Amino acid sequence: MRPAFSVLFLTTLIGAGQGLFITLFFCELLVPASLPSNFLFGGAVLVLILSGLGGIASVFHLGHPERAWRAMTMWRTSWLAREGIALPSFMAAVFAYAVAHWLNIGHTLAIATIGVLLSMVLFVCTGMIYGAIKVLKEWAHPLTLINFIVLGCASGTTLAAAYASFAAPELTAALAQAAFALTLLGLLTRAASLWRNAILRPTSTLQTAIGIRHPRIVQKSQGSMGGSYNTREFFHGKSPAFVRGVLVTLLLGVFVLPLALVLALPLLAFVFQYLGLLAERWYFFAEAQHPQNLYYQGTS
Amino acid sequence: MTQLALVIDLNVCVGCHACVTNCKQWNTSGAAGALTDCNPYENDPNGTFFNRVQTFEVGEFPATETVHFPKSCLHCEDPACVPVCPTGASYKRAEDGIVLVDYDKCIGCKYCSWACPYGVREFDEQRKVMTKCTLCVDRIYDMSLPEERRKPSCVLACPPGARLFGDVHDPDSEVSIAIRERGGYTLMPEANTKPANHYLPRRKTTVTVRDEELYRSDNPHKIDGAPFDKNLPPTTEELN
Chain D
24 MRPAFSVLFL TTLIGAGQGL FITLFFCELL VPASLPSNFL FGGAVLVLIL
74 SGLGGIASVF HLGHPERAWR AMTMWRTSWL AREGIALPSF MAAVFAYAVA
124 HWLNIGHTLA IATIGVLLSM VLFVCTGMIY GAIKVLKEWA HPLTLINFIV
174 LGCASGTTLA AAYASFAAPE LTAALAQAAF ALTLLGLLTR AASLWRNAIL
224 RPTSTLQTAI GIRHPRIVQK SQGSMGGSYN TREFFHGKSP AFVRGVLVTL
274 LLGVFVLPLA LVLALPLLAF VFQYLGLLAE RWYFFAEAQH PQNLYYQGTS
Chain A
29 MTQLALVIDL NVCVGCHACV TNCKQWNTSG AAGALTDCNP YENDPNGTFF
79 NRVQTFEVGE FPATETVHFP KSCLHCEDPA CVPVCPTGAS YKRAEDGIVL
129 VDYDKCIGCK YCSWACPYGV REFDEQRKVM TKCTLCVDRI YDMSLPEERR
179 KPSCVLACPP GARLFGDVHD PDSEVSIAIR ERGGYTLMPE ANTKPANHYL
229 PRRKTTVTVR DEELYRSDNP HKIDGAPFDK NLPPTTEELN
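Protein chains in written order, with the working numbering: chain D, 24 to 323; chain A, 29 to 268.
In structure tokens:
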């Protein structure tokens, strides 16, 4: 698949935002006494900024953004429609949480619980958008969903540690340790999906694609002289060396550098992890082999 | 339940692209708006098509066969593209099974094209909506046309008649009989989309000529005076 940049930004930004909100919830739940005033309010504003930027990024993926409201209508069948509902709902809960802290209304832990539940719903919707496409075997696996959740929580916790290093220095060490553990967990789950995709055998072949049972079939024409939507949308168009470079970048950026830096320099760790996650999402798209490419293998 | 579909005979298709041209002509002139062409007379010409003819070479030289393979939306009975659409713009008509896109509802997110294993949906780069074969829904029900012209443009255009159109759920329809008696098959059955369109396989066309047929009185061999062979049965003339 060709990586869609608006989707790379959407999923990484809201993932970090959701992870940060879940971390704020645990901060308020476990150590309410040691939190400086406005730490949770500032954190909630940060979550709103991240998810708002993600929402704006997603609009650039659409041919007709002015009709985006329609994308909430088919929630009975479409995970994309469900995400279209879950993201504003999550943002509304975070907004209510920020207002409750700002005006000292109270019930903040109850609002945060709703927000955490909605952030999990949003994680499931985002992951299942990809996990539910059966023809893309690289995506159609529970590991897709698990990686969206674990990597979102890892980057959100790293961001929380970076935020705490300015706003609540006494929390930084504990948050950095949590970020270290989640990043390590993410390394395990992402490595599992990388390994699975590397040894995956495609179900469809050129033989099943055109229904001719012969071991040697060579495409001579794609039905067009220039390219088409099919040649643009379903292949990243980069060399194998470039793709390997992205793989090294994501392993360094998402896992190695943050693990090395998060305990000492959490802000730098988050910057590396976020850039690494953009590479990770790019690779996530690039490694998905769409069966329609069987019909676009060459011209003579 | 009606399920309209195309049946394409790969044994007959000569790869002339008449179906592609007529499809483009009909669907670019319709009320839904033009099918975009980008750089049609420049480098890298490309555009939106509902139907394309691809060519494959099967076998190893000199024992090769050229297979021309027309490819358009298969109007699946269990379409993967429809449930994923967040707006309901992609839908399958209950009355005739045609899978359509409502261009006024489509937000252009391309998610349906990711879900389709066949790559038969094409995003229109100017209209910014997903487009696909409509089985010429705007002409097959057009009562102002004579009945024999109420068929998809590609079917009407095909010079050798490789494309059949009809209801694959009616066991007595031309398409059902063709599927049943000429080995009709679907593409990528492992995708479990149950395509309505079927393809008829290539066939080896051979004529068996037995020796006694060459010896008959109406055969030029006899006229030219084929030598008498006592092992062959007597001809009609000899019997009389």
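Virtual Cβ for every residue (Gly too), placed ideally from N, Cα, C.
Source: prediction; values computed, not measured.
Cβ of Arg208(A) within 9 Å of any chain D Cβ: Taking the first residue of the second sequence as position 1, residue 208(A) is located at position 180. Cβ-Cβ to chain D under 9 Å: no for Arg208(A).
Inter-stretch contact (C-beta, 8 Å, three-pair minimum) for the stretch 237-251 of chain D and the stretch 73-92 of chain A: yes
In chain order, each alpha helix (DSSP H) run of at least 4 residues that lies wholly inside the stretch 45-91 of chain D: Entirely contained in the stretch 45-91 of chain D, the alpha helix (DSSP H) runs reaching 4 residues are, in chain order, 62-82.
Residue-chain proximity (Gln82(A), chain D), Cβ-Cβ < 9 Å: For the purposes of this step, residue 82(A) is taken as the residue at position 54 of the second sequence. Chain D contact via Cβ: present.
According to DSSP, residues forming a beta bridge with Phe97(A): What you label residue 97(A) is simply residue 69 of the second sequence in a count that begins at 1. Answer by DSSP bridge pairing, in chain order: Gln82(A).
Distance, Gly234(D) Cα to Pro145(A) Cα: In the second sequence, counting from the first residue as 1, residue 145(A) sits at position 117. In the first sequence, counting from the first residue as 1, residue 234(D) sits at position 211. Going by the C-alpha atoms only, they are around 14 Å apart.
Local Cβ density within 10 Å of Glu209(A), reported as buried at 16 or more and exposed below that: Residue mapping note: residue 209(A) aligns to position 181 of the second sequence, counting from 1. Under this definition Glu209(A) is an exposed residue.
Glu256(D) classed as buried or exposed, judged by whether at least 16 other C-beta atoms fall within 10 angstroms: The residue labelled residue 256(D) in the question sits at position 233 within the first sequence. Buried, by the Cβ-count rule.
Start-to-end residues for the alpha helix (DSSP H) that takes in Ser188(D): Translated into the one-based positions of the first sequence, residue 188(D) becomes position 165. First-last of the alpha helix (DSSP H) with Ser188(D): 165-190.
Cβ-Cβ distance between Ala177(D) and Pro281(D) below 9 Å: What you label residue 177(D) is simply residue 154 of the first sequence in a count that begins at 1. What you label residue 281(D) is simply residue 258 of the first sequence in a count that begins at 1. Going by beta carbons, Ala177(D) and Pro281(D) fall inside the 9 Å limit.
Beta-carbon spacing of Leu145(D), Glu106(D) below 9 Å: Position 122 of the first sequence, counting from 1, holds the residue named residue 145(D). Position 83 of the first sequence, counting from 1, holds the residue named residue 106(D). Going by C-beta atoms, Leu145(D) is nearer than 9 Å to Glu106(D).
Bridge partner(s) assigned by DSSP for Met158(A): Against the second sequence, residue 158(A) aligns to sequence position 130. The partner list for Met158(A) (beta bridge, DSSP) reads Phe151(A).
Residue-chain proximity (Ile251(A), chain D), Cβ-Cβ < 9 Å: Translated into the one-based positions of the second sequence, residue 251(A) becomes position 223. At Ile251(A), the pLDDT of 47 sits below 50, so the modelled position is not reliable; the number obtained from the coordinates is stated separately. Output row for Ile251(A): interface = no.
Boundaries (first-last residue) of the beta strand (DSSP E) holding Ser244(D): Residue 244(D) sits at position 221 when you count from the first residue of the first sequence. Run containing Ser244(D): 240-244, per the beta strand (DSSP E) assignment.
First through last residue of the beta strand (DSSP E) which encompasses Arg191(A): The count along the second sequence starts at 1 and reaches residue 191(A) at position 163. Per DSSP, Arg191(A) belongs to the beta strand (DSSP E) from 191-195.
Any C-beta of chain A under 9 Å from that of Ile72(D): To locate residue 72(D), count along the first sequence from 1; it is residue 49. By the rule that beta-carbons nearer than 9 Å mark a contact, Ile72(D) does not touch chain A.
Bounding residues of the beta strand (DSSP E) (the contiguous stretch that carries Lys120(A)): Here residue 120(A) is taken as the residue at index 92 of the second sequence, counted from 1. Lys120(A) -> beta strand (DSSP E) spans 118-120.
Distance between beta carbons of Ala39(D) and Gly175(D), contact taken as under 8 Å: Position 152 of the first sequence, counting from 1, holds the residue named residue 175(D). Position 16 of the first sequence, counting from 1, holds the residue named residue 39(D). Rounded, the Cβ-Cβ distance is 7 Å, consistent with contact.
Rounded Cβ spacing between Cys101(A) and Ser118(A) (contact assumed at less than 8 Å): Walking along the second sequence from the start, residue 101(A) turns up at place 73. Walking along the second sequence from the start, residue 118(A) turns up at place 90. Actually they do not touch by this definition, with Cβ atoms about 11 Å apart.
Interfacial residues, the stretch 96-117 of chain D to chain A, with Cβ spacing under 7 Å: Result list: Thr96, Met97, Thr100, Ser101, Leu103, Ala104, Gly107.
Contacts around Met151(D), its chain only, beta-carbon distance under 6 Å, and the 5 residues preceding and following it disregarded: Here the question's residue 151(D) lines up with position 128 in the first sequence. Excluding its 5 nearest sequence neighbours in each direction, Met151(D) has C-beta neighbours in its own chain below 6 Å: Trp102, listed in chain order.
Reduced DSSP category for Gly75(A) - H, G, I as helix; E, B as strand; rest coil: Position 47 of the second sequence, counted from the start, is the residue given in the question as residue 75(A). Residue state, collapsed to three classes: strand.
Closer than 9 Å to chain D by CB, Asp124(A): On the second sequence, residue 124(A) is found 96 positions in, with the first residue counted as 1. For Asp124(A), the answer is no, since every Cβ of chain D falls outside 9 Å of its Cβ.
Residues of the stretch 261-278 of chain D with Cβ closer than 9 Å to any Cβ of chain A, in chain order: none
Beta strand (DSSP E) runs contained entirely in the stretch 245-293 of chain D, provided each spans 3 or more residues: none
Alpha carbon of Pro225(D) to alpha carbon of Tyr318(D), nearest angstrom: For the purposes of this step, residue 225(D) is taken as the residue at position 202 of the first sequence. For the purposes of this step, residue 318(D) is taken as the residue at position 295 of the first sequence. Roughly 14 Å separates the two Cα atoms.
Rounded distance between the beta-carbons of Val95(A) and Arg178(A), thought under 8 Å: By 1-based counting over the second sequence, the position of residue 178(A) is 150. By 1-based counting over the second sequence, the position of residue 95(A) is 67. That belief does not hold up - the Cβ atoms of Arg178(A) and Val95(A) are roughly 30 Å apart, past 8 Å.
Anticipated Cβ contact below 8 Å, Thr322(D) with Ser244(D), distance rounded: As a working mapping, residue 322(D) is identified with position 299 in the first sequence. As a working mapping, residue 244(D) is identified with position 221 in the first sequence. 6 Å between Cβ atoms; contact.
Proximity to Ala183(D) [Cα-Cα], best of Glu193(D), Val173(D), Leu198(D), Leu126(D): Here residue 183(D) refers to the residue found at position 160 of the first sequence. With respect to the C-alpha of Ala183(D), the residue from Glu193(D), Val173(D), Leu198(D), Leu126(D) having the closest C-alpha is Leu198(D).
Residue interval of the beta strand (DSSP E) (run including Ile134(D)): To locate residue 134(D), count along the first sequence from 1; it is residue 111. Segment 131-154 is the alpha helix (DSSP H) holding Ile134(D); no beta strand (DSSP E) there.
For Thr115(A), the three-state DSSP class (helix, strand or coil): Within the second sequence, numbered from 1, the residue matching residue 115(A) stands at position 87. DSSP places Thr115(A) in coil when its eight states are reduced to three.
Residue closest to Glu218(A), alpha-carbon to alpha-carbon, out of His197(A), Cys113(A), Cys47(A), Ala108(A): As a first step, residue 218(A) is located in the second sequence; it is residue number 190 there, counting from the start. Closest option to Glu218(A), Cα to Cα, is Ala108(A).
7 Å Cβ cut-off: residues of chain A touching His259(D): Taking the first residue of the first sequence as 1, we reach residue 259(D) at position 236. The premise fails here: His259(D) is roughly 14 Å from chain A at the closest Cβ pair, so nothing lies under 7 Å.
Nearest-angstrom Cα separation, counted from Asp170(A) out to His259(D): Residue mapping note: residue 259(D) aligns to position 236 of the first sequence, counting from 1. Residue mapping note: residue 170(A) aligns to position 142 of the second sequence, counting from 1. When rounded, the separation of the alpha-carbon atoms in His259(D) and Asp170(A) is 43 Å.
9 Å Cβ cutoff, Tyr146(A) in contact with chain D: Residue numbering aside, residue 146(A) sits at position 118 when the second sequence is read from its first letter. Interface flag for Tyr146(A) against chain D is set, since a Cβ pair is found closer than 9 Å.
Cα-Cα separation, Lys99(A) to Gly136(A): The residue given as residue 99(A) occupies position 71 in the second sequence. The residue given as residue 136(A) occupies position 108 in the second sequence. Cα-Cα distance, rounded: 22 Å.
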